[in-house]
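Chemist: Those protein sequences? They're chains A and B, same order as listed. Going by the numbering used here, the letters in the first sequence line up with residues 1062 to 1721, in that order. Going by the numbering used here, the letters in the second sequence line up with residues 1062 to 1721, in that order. The following block contains the structure, expressed as structure tokens.
2 protein chains.
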Amino acid sequence: MKSLPAVVLVACVAAAQGPAWRDRPVLDTSKSAYAVLHGVPVSAVALRDGFWSPRRKAAIAASLPTFLELLEQNGEIDNFRRLSGRKNVARRGRIPTDADVYKWLEAVAFAVQSGDAGPHIRQAAEGVIDDIAAGQDSSGYMVSAFMGENASQRHTGMARNHELYIFGHMLQAGIAWYRASGDRRLLDVGLRMADYLLRNFGLDKKPIFEGHPEVELALVELYRTIPDRRYLDLAGYFLDGDPRNMQAVRPADLVYLFTVEPFTDRTILEGHAVRAMYAVSGATDYFLETGNRKYQTTLANLWEDMVGRKMYVTGGLGSRAQGEAFGDPYELPNRQAYAESCAAIGNVFWNWRFLQATGDGKYTDVLERALYNGANSGLSLDGKLYCYRNPLEVGGDADDRIRNPWYSTPCCPPNLERILASLPGYFYSTSKDGVWVHLFDNSEVRWKLEDGTPIEMSQQTLYPWDDKATITVTPASAKNFTVFVRKPAWSAAARLEVAGVMVPAPLVQKGYFAIRRTWKPGDRITIQFDMRPRLTAANPLVRDDIGKVAVERGPLVYAAEGLDQPAGTTVFDWQLAVPSGGAAFKSVWKADMLGGIVTLVHPAVRPAVPDREQPLYRNMAAGKYVSGELTLIPFYTFQNREPTSMAVWIPYRIAGTAAR
Amino acid sequence: MKSLPAVVLVACVAAAQGPAWRDRPVLDTSKSAYAVLHGVPVSAVALRDGFWSPRRKAAIAASLPTFLELLEQNGEIDNFRRLSGRKNVARRGRIPTDADVYKWLEAVAFAVQSGDAGPHIRQAAEGVIDDIAAGQDSSGYMVSAFMGENASQRHTGMARNHELYIFGHMLQAGIAWYRASGDRRLLDVGLRMADYLLRNFGLDKKPIFEGHPEVELALVELYRTIPDRRYLDLAGYFLDGDPRNMQAVRPADLVYLFTVEPFTDRTILEGHAVRAMYAVSGATDYFLETGNRKYQTTLANLWEDMVGRKMYVTGGLGSRAQGEAFGDPYELPNRQAYAESCAAIGNVFWNWRFLQATGDGKYTDVLERALYNGANSGLSLDGKLYCYRNPLEVGGDADDRIRNPWYSTPCCPPNLERILASLPGYFYSTSKDGVWVHLFDNSEVRWKLEDGTPIEMSQQTLYPWDDKATITVTPASAKNFTVFVRKPAWSAAARLEVAGVMVPAPLVQKGYFAIRRTWKPGDRITIQFDMRPRLTAANPLVRDDIGKVAVERGPLVYAAEGLDQPAGTTVFDWQLAVPSGGAAFKSVWKADMLGGIVTLVHPAVRPAVPDREQPLYRNMAAGKYVSGELTLIPFYTFQNREPTSMAVWIPYRIAGTAAR
């Protein structure tokens, strides 16, 4: 695309010099002493037609209003209105309902930041904020489940009652809304509750803890917004743990809750996957501000444990339904996978924080894996159904509905809304050396280098469907700095052209092409990835994936659904027939299928007599096989049609052998 | 071996003409109208040194006395003594403790029947029976948990309170003790409770049900012992279900409990595996007496569902810890397998009943699979530790103790004791045409043909370690009848010699060689099996076993344990390297290992860089491998040494390919 006319650049500069509340990134590391990278606000980035634009539209135009209706129908907003007497109704839903509303508000705030929120949804959010603010207790306490007749139960069930989890989401929503509008009403509700906590609790006061991490990362972001050191220290109080609480929690709960014991005593990821992800995200935020080395070491060990032993190929986390928990190392069952949407989103949060702390593309690789697959799968294509679980295999029973409009604990829907609404904020960063490109999609960014030089960049690409992206770099005037362009680890080779010239041996630093030169307005970078479909094997210690492969193409993990296979067969009838020379995929663009996808088709075989008509056990020997083709679709699109079988991990045979 | 001298045969005849209580088989189908086969009493069969003799000795000489001590330590016998005031103590343990004691008594009774119970254990059992009888309520009710201060709770929690489950075990123990000794004291306790039930409950009285099947099969055996039709009809009342109970039970409980709804409405095995096995066993008993065709059809369908879709290769049942339950079809995870010892024993019970109804060896094949593997594994080699779960894979964590001396619900230990104590009763049957040999081990039987002709048979064999068995047939005088000798389905071929002459094309009827001739005392049958180790594949619909094989040899399923592999490796490091021409096992007899076993050794490879040092996901490609050997031991001996890794299903590669 062409560089923008000068008038736009002027507007951009003006925006960068706007009020303090405006133009703050999702994670505002601009003053974080231990951040290498600094975010670019949602408002500075526009996603154009491409891969993410329809996904984000599904979240903003379809999910936000329909989920608001469901919040109303289920009394979750009335739970606030009753506090001020605006509604005379009984409280409804489980304890954490407030958090659902706050996450929805945060998502609306991001849509407002990008200018994508319509007037109706913005007004609705204003009304909800008004209802919330009117209900706050004079003490500053504000959790609807423990107000009025239930006030005496405050802080009596800290392990399970989610009071400070709710407070954390209140803070995040308040901050996002403030950054979107300058309106402090909701932020002030949070500040009053923060002051209530600071008055009453702490090492020299009464002990307190929260059984579901979340408040830690919210308090650090509050400190970044209102630079009062007490907020950061309160986050540290929760993360370090108050020794007086250790008696209050059973050892099994120390595992499950992933809190109470000192964070730096953790050596493995275990227990409830979402709790663990929020805890490590909060701890990384704390590190970004404090540089505490014990936190850094602990976080690095936990990350290795996740990426090396406990993460699904989709970036999903949580192997067990029981406790929604991490399993043992390499325990990654596919059909039983829990892989809650919120856990994959937590994975994105954590790796984003780690990336800001290090500038290391290995974190972006995991972020991309979780974002494009295990999180992206959580929202239906029409934006109205949500996955709680994101299993890697589905039997196809019509009763086994993975996508539903509502859950008794609807934590995932607004989490999907907020990650998608805030997505423009995850594309770019700046550092003292220049500007960083983390993700690829048609987009424009208007921001500034860290010396204040206005810069505009745009991307033109059909990524991840196509293998090429063109990035136009337009500083306000010619200037020497570095453009860091991510080189995904999945791309065996990547071809780089700068200003029309191929770069034969480009400098790669920690997974990023580091392109330093004097950039002139309109200079172009072209990067071409290796988009050939890949057969991915799991470590054989993952017993569930032995004899099977996953198919990946670019950042996308693929899956086979029964509907796309020859009539009368399910995905479980087929095994890939892999030529000894390597995979033999056809990539086929299907504009009208599942919102527009590249399907993959590969030679496959199935037994001449269907397995379901064969005995359970038999001598190992080659049976008779029938040749055919297996068709795969991106994992994130699974179960968007009628119920059918689905599998990510697919048995294979090397052509010419009897291996099954 | 030689035929016994005439004096022994005379004693045998005398025994066969003894009092009515004596010489009754475990399952007394002697008057069952729909039984094809009829049992041979435990007292008529002597197991000599061989495979089962040390296992049975572990049960009788070690398990029975040590478990009695634990029953005493845990107050389970005091729970009876307090009823009569003999002990003034509080009740201890969960509701079904009485059933543990009854099963222990039943096991002692079988040991008495075979003459293997020492005087101490017999006296102890006499004392326990006395304590029980003294405590019975004047109404006839007798469940210790609901007597005295808890009497008002009788029949108020029918779904979960196990009252009639306990009653069933009381009946089985009373019958076995009566058949062992002629002593009716415990049987009379059961008869009084039966009369209490008949007085109070039934279609024309109050409704009743029991949430854990067991009473059904016990009532049928009571009917076989005391031929009062009301006992059989009461079993039918429970099996057919009282429509008035359908309201009392949630749909999920109809699945879990495997009772309440009419048995003949069942179409699949589901819910709690032990409950289901006891239900189908009781229903088969009911069919053996009534010939009800709907029961026959239902049972045949359920058997196909089990054997075709839901049974582990070990004969274990129950895929899920949650609900100790069957899973979906082909849901057979290995490490998470529940496979409760009691469920495998229930599998033996059911197939024994089906075998008596049909004379079909397909039931003996399943019985043998469950007996030698999934049930046999439940008792440690020293007889003092018990498996509740019998998983097919163990990670090797020292904290993951599969074998324990006691459980809060110690149902499995006495179940293992009673199946092993009664085992001689499972070797032979008679039919109108002759005599049947179901199992192979050194043994002697002294019994009679159905026309009353005394017959003695002996087996000489090192089965299952060796491939040959010699059976000596000694009727009292030369006589024409059929000897049915089982031809196991696992033996691809079997060579048969009768009286020294090879039989080139022997008649095989439903899995049994049917050898009809005029048998002269001392005639010999020699059968030689195909004992070559087998590589068994699971149906690919069992997703957990894709790319893996199980190793079997004769009736034994094998497993690899980490301890036996090269230093520094676990079983999970290795894959079998299978020559394209077929398996290449060495079978090695190890007299001093695990009580004496044949180990199997096969070429194998492991990655040059251990998997635990490799990434979780990687491109599918052949890595570098190091050659070696994998050693396997019989599954039933697993975890009899220090904690270590274990796997039944083992990855393999066809030599010369990269398949993993």
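Quick reminder that beta carbons are idealized off the backbone N, C-alpha and C, glycines included. The structure presented is a predicted model; accordingly, all values stated were derived computationally and were not measured.
Given a cut-off of 8 Å, decide if B/Y1373 and B/A1400 are closer than it, judged by their beta-carbon atoms.
Modeler: Yes, they are a contact pair.
Chemist: Say the cut is 7 Å; is the CB of A/E1282 nearer than that to a heavy atom of the ligand NAP?
Modeler: The model depicted lacks the ligand NAP and carries no ligand whatsoever.
Chemist: Distance, Cα to Cα, B/P1466 vs B/F1319?
Modeler: Rounded to the nearest angstrom, the two C-alpha atoms are 29 Å apart.
Chemist: Taking 8 Å as the cut-off, decide whether the C-beta atoms of B/T1345 and B/L1360 are in contact.
Modeler: Yes.
Chemist: From the DSSP output, read off the bridge partner residues of B/Y1686.
Modeler: Bridge partners of B/Y1686: B/P1668.
Chemist: Just to confirm, is the Cβ distance from B/P1086 to B/P1102 under 8 Å?
Modeler: Closer than 8 Å, so yes.
Chemist: Would DSSP call A/M1307 helix, strand or coil?
Modeler: Here A/M1307 sits in helix by DSSP.
Chemist: Please identify, using Cβ separations under 7 Å, the residues of the stretch 1632-1645 of chain A that lie next to chain C, in order along the chain.
Modeler: No chain C is part of this structure, whose protein chains are labelled A and B.
Chemist: Which residue from A/A1575, A/K1581 and A/T1543 puts its Cα closest to that of A/A1560?
Modeler: Ranking the options by Cα distance to A/A1560, first place goes to A/K1581.
Chemist: Can you tell me whether DSSP reads A/L1557 as helix, strand or coil?
Modeler: Three-state DSSP puts A/L1557 in a strand.
Chemist: Name the chain B residues that come within less than 8 Å of A/N1680, Cβ to Cβ?
Modeler: Simply R1595, L1596, T1597 and A1598.
Chemist: For A/K1092, collect the residues of the same chain with a Cβ closer than 8 Å to its Cβ; drop the 5 residues on either side in sequence, then sort them by chain order.
Modeler: For A/K1092, where only same-chain residues beyond five positions count, the Cβ hits under 8 Å are R1285 and P1288.
Chemist: Mind checking if A/I1607 is an interface residue toward chain B, Cβ cutoff 8 Å exclusive?
Modeler: Interface residue, yes.
Chemist: Using Cβ-Cβ distances below 7 Å, what residues of the stretch 1381-1392 of chain B are close to chain A?
Modeler: Those residues of the stretch 1381-1392 of chain B that come within reach of chain A (Cβ to Cβ, closer than 7 Å) are D1389.
Chemist: When the cut-off is 8 Å and only beta carbons count, does A/P1712 lie next to chain B?
Modeler: With 8 Å as the cut-off, A/P1712 counts as an interface residue toward chain B.
Chemist: How many angstroms separate the CA atom of A/L1166 from the CA atom of A/A1186?
Modeler: Distance between the alpha carbons of A/L1166 and A/A1186: 6 Å.
Chemist: Taking only beta-carbon positions, decide if A/V1374 is within less than 8 Å of chain B.
Modeler: So yes, A/V1374 belongs to the interface.
Chemist: Can you give me the C-alpha to C-alpha distance between B/N1503 and B/D1110, rounded to a whole angstrom?
Modeler: Those two C-alpha atoms are separated by around 6 Å.
Chemist: Look up B/W1030 in the DSSP assignment and say whether it is helix, strand or coil.
Modeler: Any answer about residue 1030 of chain B is impossible in this case: the structure gives chain B only from 1062 up to 1721.
Chemist: Using only CA atoms, which one of B/D1244, B/A1334, B/A1682 and B/M1654 lies nearest to A/P1601?
Modeler: The candidate whose alpha carbon is nearest that of A/P1601 is B/A1682.
Chemist: Exposed or buried, A/E1674, counting other C-beta atoms within 10 Å across all chains shown (16 or more means buried)?
Modeler: Exposed, since its Cβ has fewer than 16 Cβ neighbours within 10 Å.
Chemist: Hey, does A/V1316 have any beta-carbon neighbour from chain B nearer than 8 Å?
Modeler: Chain B, which has no Cβ nearer than 8 Å to the Cβ of A/V1316, makes this no.
Chemist: Is any beta-carbon of chain A found at less than 8 Å from that of B/R1614?
Modeler: No, B/R1614 lies away from the interface with chain A (no Cβ there is under 8 Å from its Cβ).
Chemist: To be precise: take each residue of the stretch 1665-1678 of chain B, compare its Cβ to all Cβ atoms of chain A, and keep it if any distance is under 7 Å. Which residues remain?
Modeler: Within the stretch 1665-1678 of chain B, the residues whose Cβ lies closer than 7 Å to some Cβ of chain A are D1672, R1673, Q1675, P1676, L1677 and Y1678, listed in chain order.
Chemist: What would DSSP say about A/M1681, mapped onto helix, strand or coil?
Modeler: In this structure, A/M1681 counts as coil in the three-state DSSP scheme.
Chemist: Could you name the residues of chain A that B/G1456 contacts, counting a contact when the two beta carbons are closer than 8 Å?
Modeler: Under the 8 Å cutoff, chain A gives D1389.
Chemist: Would you list the one or two residues that DSSP bridges to B/R1381?
Modeler: B/R1381 pairs with B/A1386.
Chemist: Measure from the C-beta of A/G1369 to each C-beta in chain B and report whether the shortest distance is under 8 Å.
Modeler: Yes, its Cβ sits closer than 8 Å to a Cβ of chain B.
Chemist: With a 10 Å radius around its C-beta and 16 neighbouring C-beta atoms as the bar for buried, classify B/V1649 as buried or exposed.
Modeler: When all chains shown are included, B/V1649 counts as exposed.
Chemist: Taking the straight line between their C-alpha atoms, what separation do you get for A/Y1163 and A/D1192?
Modeler: Those two C-alpha atoms are separated by around 12 Å.
Chemist: Measure the alpha-carbon distance for B/M1654 versus B/S1438 and round it to whole angstroms.
Modeler: Going by the C-alpha atoms only, they are around 16 Å apart.
Chemist: Short of 8 Å Cβ to Cβ, which residues in the stretch 1418-1432 of chain B face chain A?
Modeler: Here the close residues number zero.
Chemist: Output needed in chain order: residues of the stretch 1164-1189 of chain A with a Cβ under 7 Å from some Cβ in chain B.
Modeler: Here the close residues number zero.
Chemist: Assuming the contact rule is C-beta atoms closer than 8 Å, A/S1492 and A/L1098 should be a hit. Round their C-beta distance to whole Å, please.
Modeler: Confirmed, Cβ separation roughly 5 Å.
Chemist: In whole angstroms, what separates the C-alpha of A/K1651 from that of A/P1565?
Modeler: Whole-angstrom Cα-Cα distance: 34 Å.
Chemist: Helix, strand or coil for A/M1654 per DSSP?
Modeler: In this structure, A/M1654 counts as coil in the three-state DSSP scheme.
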